[in-house]
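A.B. asks: Following the working numbering, the numbering of the sequence shown begins with 9 at its first residue and continues without gaps.
Don't be surprised by glycine CBs; every beta carbon is placed ideally from N, CA and C.
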Amino acid sequence: MLRYLARRGANALVLALAATCLGYVLASVALDPLARFRRNNPPTPDAQVRRALEVTGTDPDTPLAGRLWSWMCGLAHGSLGTSVDNRPVASEIAERAGTSLQLLVIGTVLGVGVGVLVGVVGAAGQYRWFDRVTTQGSFVVLATPTFVVAVLLMVAATRLNEAAGRQLIRFTGQYTAGNHGWAAVVDRASHLVLPTLALTLGLVALFSRYQRAAMLDVLSTDLVRGARAVGHTRRSALWRHAVPVAMVPMSTLAVYTGGMVLAGATITELTFSWHGMGEYLLLAARRGDVNAAAGTVACTAVLVLVLGLVADLLYAWLDPRVRL
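This is how it looks when you write it as structure tokens:
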């Protein structure tokens with residue numbers, strides 16, 4: 009097991025380094041750090057522009073290899089460089105990561121849990137009304153753009169607030185200023201409902217389809233028939249034998265989904281005015297902020313690879329054959 013862990017950890021480290029370097033190179037090639045100065049009126053003096061670019065280490069006249077080396081040296085010392093606002097990129101990402109992780113953790117746990125349950129129940133009652141309704145509903149959700157789902161949720165929340173005669177659900181920002189104590193907790197929860205639900209619906213639709221297919225594969229094997237032959241009821245054979253086996257491949261997908269949600273929650277954050285990492289990446293691209301964009305890509309890549317390592321370890325624990 010230790011050899012397996014060491015081998016997978018070394019692979020993840022190499023991939024993380026490659027993804028980080030590639031992220032910086034792509035950000036340097038795609039973004040123009042001079043663009044924000046061209047919009048100034050009156051024009052910014054050339055000497056001031058050069059000093060600003062030297063501070064951030066993004067001077068286009070410096071060879072890309074030299075800029076990459078300087079940035080990687082800073083990364084080795086725990087620095088992701090300086091943004092165009094003259095703030096450390098690492099501190100800005102740390103502030104926004106907490107915002108994104110709220111959606112990531114709650115949305116992923118709810119989405120995976122409910123999706124797996126829906127898939128199991130749908131497979132157990134294949135082609136019955138519950139299976140047909142959830143199948144069609146999943147296809148509708150998967151085919152609907154995320155921002156459309158978010159807008160529909162906003163409309164539904166507005167109707168609910170009007171019917172209740174008070175603001176039960178809020179959908180702009182993370183909190184309302186001026187609340188303290190229990191009122192602040194309730195206020196944050198009311199702001200969290202819709203963005204979390206927008207992410208959860210997509211994950212439920214995705215995981216219910218995967219889990220249903222995995223369950224149908226297991227139900228057609230000799231495992232369930234053997235359990236019934238030795239005296240287990242259909243429900244007992246389903247939950248004690250079929251579900252654990254079907255959950256083995258789902259464990260890998262569930263762990264990787266955390267990284268995908270963090271990388272793909274940009275639209276949700278923008279729609280509900282949450283100042284997370286997705287918004288930060290788009291803002292960096294708009295301002296030509298190479299360090300901010302590269303830092304966000306690097307952090308996301310490292311998170312995905314760490315979650316991949318966790319998924320490998322979880323799979324090895326559930327199925328010892330992969331360690332051979």
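DSSP three-state call for Thr184: helix, strand or coil?
C.D. replies: coil
A.B. asks: Is the region 123-132 close to the region 215-225, with three or more CB pairs under 8 Å?
C.D. replies: yes
A.B. asks: Suppose only complete runs of 4+ residues qualify. What are the alpha helix (DSSP H) ranges in the region 269-320, listed by chain order?
C.D. replies: The DSSP assignment places complete alpha helix (DSSP H) segments of no fewer than 4 residues inside the region 269-320 at 274-279, 285-295, in order along the chain.
A.B. asks: Going by the beta-carbon positions, is the gap between Gly296 and Ala43 smaller than 8 Å?
C.D. replies: yes
A.B. asks: Would you call Cys307 buried or exposed, if buried means 16 or more other Cβ atoms sit within 10 Å of its Cβ?
C.D. replies: buried
A.B. asks: By DSSP, does Thr90 sit in helix, in strand, or in coil?
C.D. replies: strand
A.B. asks: Note the first and the last residue of the continuous alpha helix (DSSP H) segment covering Phe147.
C.D. replies: 137-151
A.B. asks: Considering only C-alpha positions, which residue in the set Leu83, Val149, Arg236 is nearest to Thr304?
C.D. replies: Leu83
A.B. asks: Rounded to the nearest angstrom, what separates Ala301 and Tyr32 at their Cα positions?
C.D. replies: As the crow flies, the alpha-carbon of Ala301 is around 8 Å from that of Tyr32.
A.B. asks: Considering only residues of the region 225-258, which uninterrupted alpha helix (DSSP H) runs meet the minimum length of 4 residues and lie entirely inside it, listed in chain order?
C.D. replies: 230-237, 242-245
A.B. asks: Taking the alpha-carbon positions, what's the Val314 to Leu321 distance?
C.D. replies: 11 Å
A.B. asks: Under a Cβ-count criterion, where at least 16 other Cβ atoms within 10 Å of its own Cβ denotes burial, should Val92 be classed as buried or exposed?
C.D. replies: Val92 comes out buried.
A.B. asks: Name the residue from Val232, Asp139, Thr66, His283 whose alpha carbon lies nearest to the alpha carbon of Gln110.
C.D. replies: Taking only the C-alpha atoms, the option nearest Gln110 is His283.
A.B. asks: Is the distance from the Cβ of Val63 to the Cβ of Phe45 below 8 Å?
C.D. replies: no
A.B. asks: At 4 residues or longer, what runs of the alpha helix (DSSP H) sit wholly inside the region 56-107?
C.D. replies: 72-84
A.B. asks: What does the alpha-carbon distance come out to for the pair Gln134 and Ala20?
C.D. replies: 40 Å
A.B. asks: Please look up how many angstroms separate the CB atoms of Ala273 and Leu205, rounded, as I've assumed it's under 8 Å.
C.D. replies: Rounded, the Cβ-Cβ distance is 13 Å, inconsistent with contact.
A.B. asks: Which class does Ser166 belong to by DSSP, given the choice of helix, strand or coil?
C.D. replies: Residue identity check: residue 166 is Thr in the sequence provided, not Ser. In the structure shown, Thr166 sits in a helix (DSSP, three-state: H, G or I).
A.B. asks: Restricting to Cα atoms, I'd like to know which of Met258, Pro257, Ala235 is closest to Trp247.
C.D. replies: Ala235
A.B. asks: Exposed or buried, which one is Asn299 when buried takes at least 16 other CB atoms within 10 Å?
C.D. replies: buried
A.B. asks: Report, in whole angstroms, the separation of the C-beta atoms of Leu176 and Leu202, which I expect to be a contact under 8 Å.
C.D. replies: The Cβ separation is near 11 Å, so there is no contact.
A.B. asks: Spatial neighbours of Gly119 within its chain, please: CB distance less than 6 Å, with the 5 preceding and 5 following residues excluded, ordered by chain position.
C.D. replies: Thr208, Leu211, Val212
A.B. asks: Would Thr180 pass as a contact of Ser281 if the rule is Cβ separation under 8 Å?
C.D. replies: yes
A.B. asks: What does the Cβ neighbour count give for Ala262, buried or exposed, with the cut at 16 atoms within 10 Å?
C.D. replies: buried
A.B. asks: Note down the Cα distance separating Ala102 from Tyr264, rounded to an integer number of angstroms.
C.D. replies: When the Cα atoms are used, Ala102 and Tyr264 turn out to be separated by approximately 21 Å.
A.B. asks: Does the distance from the CB of Ala254 to the CB of Met223 come in under 8 Å?
C.D. replies: yes
A.B. asks: Closest by CA to Gly115, which one among Thr276, Val97, Glu287, Leu289?
C.D. replies: Thr276
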